[in-house]
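Residue numbers (the numbering used here): 12 to 432.
Note that beta-carbon positions come from the ideal geometry of N, C-alpha and C, so glycine has one too.
Take a look at the structure below.
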RNA sequence: GGAGAGGUGCCGGAGCGGUCGAACGGGUCGGUCUCGAAAACCGAAGUACGGGUAACCGUACCGUGGGUUCGAAUCCCACCCUCUCCGCCA
């Protein structure tokens, strides 16, 4: 959500920021609603003050037995005026909110310009990509091992699901535990086991609603399946006023993620790269505005560390304006090299949302020594997507005989096994 | 799911429909006292919106949303949540 005061102060800057997202100017419309709202609000408050004064006077008069009929008559007309003006104010406020809540966050000035992913900027490459020649794709490897089954998954659930069994099921769990271990023991994150079904308010807070409902699964009782643990973790502080000493808060969670994948029909249909359900270890930080930029770098490095330790080739990509997500001001994607596919594919996305989500969910803190409250900054990043890590491990460490070498860091969770198959 | 009780400020806990943004107690912060501390005493302190350069003024907020009333923390309705008992259940 945007700060209406900032828009008032510099509408042109606001429109320029929208243009970087490829969106038309909106400030004129917004400011018109804002002015209408403030005008009726002032009128309402003026009459409320008068009404309160009259009510007090009637109270006094009644006790002294005086006649109050004239006062009551005036109050009655005031009541009608207030009701009408209040309706106006609410309508204007609703129009204002409707306009504001659909606009994406302002981009950091450093975000590269560009309409889509083709304009993203590669900042850093780590490791040597294994040549694609002769490399098989993860589903070929998994199916040949008899440990990855899409036909049976389709029988149970339809397309975009997978069944893993035996060593692959264990590998998936090993990856997740390895990640959690690093983030909780080395990186200072607190593990959380959150609800996976959340209400409208939570989805609104992180920005999935109202615009992106079609990407979500909804339960019959009106709740939503979380598309990422970012939603429950970030909303943990919704509506709260935190002490500055409590910041930064660093939270991590291993959860399934559910995504409807509407609009991606036909994309990545083979294998388990794009599923309706996948596991992910998420990182969320709640910080002060002063801390958030450094925290963003720190978080990204925590995610990178996982890929490095696994021995995967990865690169950090600075998303351009057109590719940066709705709630984010600045996003780094981590892409892992998939030899089987011969392509870099997203495995993590680390975003600094600044105060955008905090405003939506009204999450604040008390600055040390200062007065009043400020909105916190929220950040989230995958640390990392477990399913895609599994794919990368299979494709990177596949052997000519069809087996897969288990990365050393995972062996403690694999009963010491050095290879699968 | 059924029956009952309840949701008030940082916490506990009052609150005949009018003088309640809210008694009282605790905690917190500042001060007095003290070599220092404790105790005691005095004082301060909610959040948001609107107006104003500012001091400040106004409005709203006692789970949420409606309603009754000249006036609602207080009355009525719906919903949400918590607790107790019963049923069901991993």
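Residue state for residue 236 is assigned as strand, using DSSP reduced to three classes. For residue 289, no alpha helix (DSSP H) segment is defined; the enclosing uninterrupted segment is the beta strand (DSSP E) at 288–298. Secondary structure at residue 13: coil, using DSSP grouped into helix, strand and coil. Within the region 296–375, the runs of beta strand (DSSP E) that reach at least 3 residues and sit entirely inside it are, in chain order, 325–329, 341–349, 354–363.
Under DSSP, the beta-bridge partners assigned to residue 396 are 291. Taking C-beta separations shorter than 6 Å and ignoring five residues to either side along the sequence, the partners of residue 400 in its chain run 186, following chain order.
Scanning 110, 132, 376 for the CA closest to the CA of residue 221 turns up 110. Under the DSSP definition of a beta bridge, residue 416 partners with 430. Here residue 272 is actually not in contact with residue 261; their C-beta atoms are around 30 Å apart, not less than 8 Å. Residue burial is scored here from C-beta neighbours: residue 132 has fewer than 16 other C-beta atoms within 10 angstroms and is therefore classed as exposed. Here the C-alpha atom of residue 102 lies approximately 37 Å from the C-alpha atom of residue 275. Note that the C-beta distance between residue 316 and residue 149 is not below 8 Å. Excluding the 5 residues flanking it on each side, residue 12 has same chain C-beta neighbours closer than 7 Å at 111, 112, 367, 370, 371, in chain order. Fewer than three beta-carbon pairs drawn from the region 341–361 and the region 216–236 are found closer than 8 Å, and the two stretches are therefore not classed as touching.
Shown here for residue 19: same chain residues with a beta carbon closer than 8 Å to its own, the five before and five after excluded, namely 42, 45 in chain order. According to the DSSP assignment, residue 243 belongs to the alpha helix (DSSP H) that extends over 241–246.
Residue 29 and residue 188 have their C-alpha atoms some 41 Å from each other. The alpha-carbon of residue 240 is positioned some 11 Å away from that of residue 289. When secondary structure is reduced to three states using DSSP, residue 264 falls in the strand class. The continuous beta strand (DSSP E) containing residue 253 extends over residues 252–254.
Between residue 404 and residue 432 a beta carbon distance of about 13 Å is seen, past the 8 Å cut, so the two are scored as non-contacting. For residue 134, the uninterrupted beta strand (DSSP E) segment begins and ends at 132–137.
Within the DSSP bridge table, the entry for residue 401 names no partner. By the Cβ rule, the region 116–132 counts as touching the region 318–336, because three or more pairs are nearer than 8 Å. Rounded to whole angstroms, the Cβ separation of residue 292 and residue 395 is 7 Å, and the two are in contact under 8 Å. Counting the other Cβ atoms within 10 Å of the Cβ of residue 48 gives 16 or more, which makes it buried. Per DSSP, reduced to three states, the secondary structure at residue 217 is helical. With respect to the 8 Å criterion, residue 417 and residue 406 are not classified as neighbours on the basis of their beta carbons. Of the other Cβ atoms in all chains shown, 16 or more fall within 10 Å of the Cβ of residue 334; this residue is therefore buried.
When the five nearest sequence neighbours on each side are left out, the beta carbons in the same chain lying within less than 7 Å of the beta carbon of residue 349 are those of 356, 402, 403, 406, in order along the chain. With 16 or more other Cβ atoms from the protein chains shown falling within 10 Å of its own Cβ, residue 116 counts as buried. Taking all protein chains in view, the Cβ of residue 129 is surrounded by fewer than 16 other Cβ atoms within 10 Å, so the residue is classified as exposed.
Excluding residues up to 5 positions away in sequence, 296, 297, 298, 299, 302, 306 lie with their Cβ nearer than 8 Å to the Cβ of residue 259 in the same chain. Of the candidates 177, 323, 108, 215, 108 places its Cα closest to the Cα of residue 40.
Comparing alpha carbon positions, the residue from 190, 264, 84, 89 closest to residue 60 is 89.
With 16 or more neighbouring CB atoms inside 10 Å of its own CB, residue 236 falls in the buried class.
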